[in-house]
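Each residue of the sequence shown is one higher than the one before, starting from 12 at the first, in the numbering used here.
All C-beta atoms, glycine included, are put in the ideal place defined by N, C-alpha and C.
What follows is a single structure, written as C-alpha coordinates, with notes after it.
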Amino acid sequence: MCYISGLTVITLFIVLHIDDLPLELKNYVTIYLLFTLLTILLLFQTKLSRNLDQSLLRAITDSQELIDRNSFLQHTISESAVSLSHMIDDTKSKSTSSSYALQEMNHTIHSMALGLQLQSDQVIDLHQHVKEVTHSALQMVSDISSIEEHAKTVSNTSDHGANDMLQLQTDLKKS
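If you want it as C-alpha coordinates, here you go:
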(Lines of atoms letter the chains of each structure in order from A and count residues from 1; the text may use other names and numbers.)
(Lines give C-alpha, C1' and ligand atoms only; values in the text may rest on other atoms or scores of the structure.)
Protein backbone atom coordinates (compact mmCIF):
# COMPACT_ATOMS: atom_id res chain seq x y z
CA MET A 1 0.00 0.00 0.00
CA CYS A 2 2.83 2.41 0.84
CA TYR A 3 4.39 1.64 -2.53
CA ILE A 4 1.24 2.61 -4.41
CA SER A 5 0.74 5.78 -2.41
CA GLY A 6 4.41 6.69 -2.92
CA LEU A 7 4.07 6.21 -6.66
CA THR A 8 0.88 8.28 -6.60
CA VAL A 9 2.64 11.13 -4.77
CA ILE A 10 5.58 11.09 -7.20
CA THR A 11 3.24 10.98 -10.20
CA LEU A 12 1.09 13.85 -8.88
CA PHE A 13 4.20 15.90 -8.18
CA ILE A 14 5.53 15.33 -11.69
CA VAL A 15 2.16 16.04 -13.34
CA LEU A 16 1.69 19.26 -11.36
CA HIS A 17 5.23 20.49 -12.00
CA ILE A 18 5.97 19.08 -15.44
CA ASP A 19 6.48 22.57 -16.86
CA ASP A 20 8.88 23.52 -14.05
CA LEU A 21 10.96 20.36 -14.38
CA PRO A 22 13.12 20.36 -17.50
CA LEU A 23 13.71 16.61 -17.35
CA GLU A 24 13.74 14.05 -20.11
CA LEU A 25 11.70 10.86 -20.10
CA LYS A 26 14.72 8.81 -19.05
CA ASN A 27 15.07 10.93 -15.90
CA TYR A 28 11.48 10.22 -14.92
CA VAL A 29 11.99 6.51 -15.58
CA THR A 30 15.12 6.61 -13.41
CA ILE A 31 13.17 8.24 -10.57
CA TYR A 32 10.46 5.56 -10.75
CA LEU A 33 13.03 2.74 -10.92
CA LEU A 34 14.97 4.10 -7.95
CA PHE A 35 11.79 4.43 -5.93
CA THR A 36 10.76 0.88 -6.83
CA LEU A 37 14.23 -0.49 -5.95
CA LEU A 38 14.26 1.33 -2.63
CA THR A 39 10.77 0.03 -1.80
CA ILE A 40 11.74 -3.55 -2.65
CA LEU A 41 14.89 -3.32 -0.50
CA LEU A 42 12.98 -1.95 2.47
CA LEU A 43 10.26 -4.61 2.16
CA PHE A 44 12.88 -7.35 1.95
CA GLN A 45 14.76 -6.02 4.98
CA THR A 46 11.53 -5.75 6.97
CA LYS A 47 10.57 -9.33 6.16
CA LEU A 48 14.08 -10.60 6.92
CA SER A 49 14.10 -8.74 10.22
CA ARG A 50 10.71 -10.21 11.16
CA ASN A 51 11.93 -13.73 10.32
CA LEU A 52 15.09 -13.24 12.37
CA ASP A 53 13.00 -12.00 15.31
CA GLN A 54 10.85 -15.13 15.15
CA SER A 55 13.91 -17.38 14.91
CA LEU A 56 15.49 -15.62 17.84
CA LEU A 57 12.36 -16.04 19.97
CA ARG A 58 12.22 -19.75 19.07
CA ALA A 59 15.90 -20.17 19.93
CA ILE A 60 15.43 -18.41 23.26
CA THR A 61 12.40 -20.58 24.06
CA ASP A 62 14.30 -23.72 23.10
CA SER A 63 17.26 -22.61 25.20
CA GLN A 64 15.05 -22.03 28.22
CA GLU A 65 13.45 -25.45 27.82
CA LEU A 66 16.87 -27.07 27.58
CA ILE A 67 18.08 -25.19 30.65
CA ASP A 68 14.98 -26.27 32.59
CA ARG A 69 15.47 -29.87 31.50
CA ASN A 70 19.15 -29.71 32.43
CA SER A 71 18.26 -28.33 35.87
CA PHE A 72 15.71 -31.10 36.40
CA LEU A 73 18.23 -33.77 35.35
CA GLN A 74 20.89 -32.35 37.67
CA HIS A 75 18.42 -32.30 40.55
CA THR A 76 17.38 -35.89 39.84
CA ILE A 77 21.01 -37.01 39.62
CA SER A 78 21.77 -35.26 42.89
CA GLU A 79 18.85 -36.95 44.62
CA SER A 80 19.86 -40.30 43.14
CA ALA A 81 23.44 -39.86 44.33
CA VAL A 82 22.28 -39.03 47.88
CA SER A 83 19.88 -41.94 47.84
CA LEU A 84 22.61 -44.20 46.50
CA SER A 85 24.99 -43.05 49.20
CA HIS A 86 22.44 -43.86 51.92
CA MET A 87 21.78 -47.25 50.35
CA ILE A 88 25.49 -48.04 50.33
CA ASP A 89 25.81 -47.11 54.02
CA ASP A 90 22.79 -49.24 54.95
CA THR A 91 24.09 -52.13 52.87
CA LYS A 92 27.51 -52.05 54.51
CA SER A 93 26.08 -52.08 58.02
CA LYS A 94 23.57 -54.93 57.37
CA SER A 95 25.46 -57.31 55.13
CA THR A 96 28.74 -58.09 56.87
CA SER A 97 27.78 -61.76 57.36
CA SER A 98 27.69 -62.81 53.71
CA SER A 99 30.32 -62.07 51.06
CA TYR A 100 28.04 -63.39 48.33
CA ALA A 101 25.44 -60.78 49.18
CA LEU A 102 28.13 -58.08 49.10
CA GLN A 103 29.32 -59.17 45.67
CA GLU A 104 25.76 -59.01 44.32
CA MET A 105 25.24 -55.57 45.81
CA ASN A 106 28.56 -54.35 44.38
CA HIS A 107 27.44 -55.49 40.96
CA THR A 108 24.13 -53.62 41.35
CA ILE A 109 25.89 -50.48 42.57
CA HIS A 110 28.29 -50.66 39.65
CA SER A 111 25.34 -50.83 37.22
CA MET A 112 23.73 -47.83 38.92
CA ALA A 113 26.99 -45.90 38.73
CA LEU A 114 27.18 -46.63 35.01
CA GLY A 115 23.62 -45.37 34.65
CA LEU A 116 24.49 -42.21 36.56
CA GLN A 117 27.58 -41.77 34.42
CA LEU A 118 25.43 -42.12 31.30
CA GLN A 119 23.00 -39.52 32.65
CA SER A 120 25.91 -37.25 33.53
CA ASP A 121 27.27 -37.56 29.98
CA GLN A 122 23.83 -36.68 28.63
CA VAL A 123 23.68 -33.63 30.88
CA ILE A 124 27.09 -32.52 29.57
CA ASP A 125 25.90 -32.99 25.97
CA LEU A 126 22.74 -31.04 26.78
CA HIS A 127 24.78 -28.27 28.34
CA GLN A 128 26.94 -28.07 25.18
CA HIS A 129 23.81 -27.85 23.04
CA VAL A 130 22.49 -25.01 25.21
CA LYS A 131 25.77 -23.15 24.66
CA GLU A 132 25.47 -23.61 20.90
CA VAL A 133 21.85 -22.39 20.87
CA THR A 134 22.82 -19.38 22.98
CA HIS A 135 25.67 -18.58 20.59
CA SER A 136 23.23 -18.83 17.65
CA ALA A 137 20.79 -16.52 19.44
CA LEU A 138 23.55 -13.95 20.05
CA GLN A 139 24.58 -14.16 16.37
CA MET A 140 20.96 -13.58 15.31
CA VAL A 141 20.74 -10.53 17.58
CA SER A 142 23.91 -9.19 15.94
CA ASP A 143 22.47 -9.84 12.46
CA ILE A 144 19.23 -8.05 13.36
CA SER A 145 21.18 -5.02 14.60
CA SER A 146 23.17 -4.94 11.36
CA ILE A 147 19.99 -5.12 9.25
CA GLU A 148 18.39 -2.40 11.33
CA GLU A 149 21.41 -0.13 10.79
CA HIS A 150 21.29 -0.81 7.06
CA ALA A 151 17.56 0.02 6.96
CA LYS A 152 18.24 3.29 8.80
CA THR A 153 20.98 4.16 6.29
CA VAL A 154 18.68 3.45 3.35
CA SER A 155 15.91 5.50 4.96
CA ASN A 156 18.29 8.42 5.57
CA THR A 157 19.50 8.22 1.97
CA SER A 158 15.88 8.29 0.77
CA ASP A 159 15.13 11.31 2.98
CA HIS A 160 18.25 13.07 1.70
CA GLY A 161 17.16 12.38 -1.89
CA ALA A 162 13.70 13.77 -1.19
CA ASN A 163 15.23 16.90 0.34
CA ASP A 164 17.48 17.30 -2.72
CA MET A 165 14.41 16.99 -4.97
CA LEU A 166 12.61 19.69 -2.97
CA GLN A 167 15.70 21.93 -3.11
CA LEU A 168 15.95 21.42 -6.87
CA GLN A 169 12.27 22.19 -7.22
CA THR A 170 12.69 25.37 -5.18
CA ASP A 171 15.73 26.38 -7.25
CA LEU A 172 13.82 25.73 -10.47
CA LYS A 173 10.89 27.85 -9.32
CA LYS A 174 13.26 30.69 -8.44
CA SER A 175 14.83 30.48 -11.88
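Return the chain-ordered list of same chain residues with a C-beta closer than 7 Å to the C-beta of residue 102, the five sequence neighbours on each side being excluded.
Excluding positions up to five away in sequence, the list reads 116.
Which residue from 162, 149, 169 and 155 puts its Cα closest to that of residue 71?
Nearest option by C-alpha distance: 149.
Buried or exposed for residue 144, going by 16 or more other Cβ atoms inside 10 Å?
When all chains shown are included, residue 144 counts as buried.
Which residue wins for smallest C-alpha separation from residue 93, given the options 68, 156, 123 and 37?
Residue nearest to residue 93 within the set 68, 156, 123 and 37 is 123 (criterion: CA-CA distance).
So what does DSSP say about residue 135, is it helix, strand or coil?
Here residue 135 sits in helix by DSSP.
contact_flag[the segment 47–61, the segment 124–134] where n(CB pairs < 8 Å) is 3 or more:
They do not touch, by the three-pair rule.
In angstroms, rounded to a whole number, what distance separates the CA positions of residue 191 and residue 37?
Beyond the ends of the chain as shown, which are 12 and 186, falls residue 191; an answer cannot be given.
Rounding to the nearest angstrom, what Cα-Cα distance links residue 88 and residue 133 in this structure?
Each residue's Cα considered, the two are about 11 Å apart.
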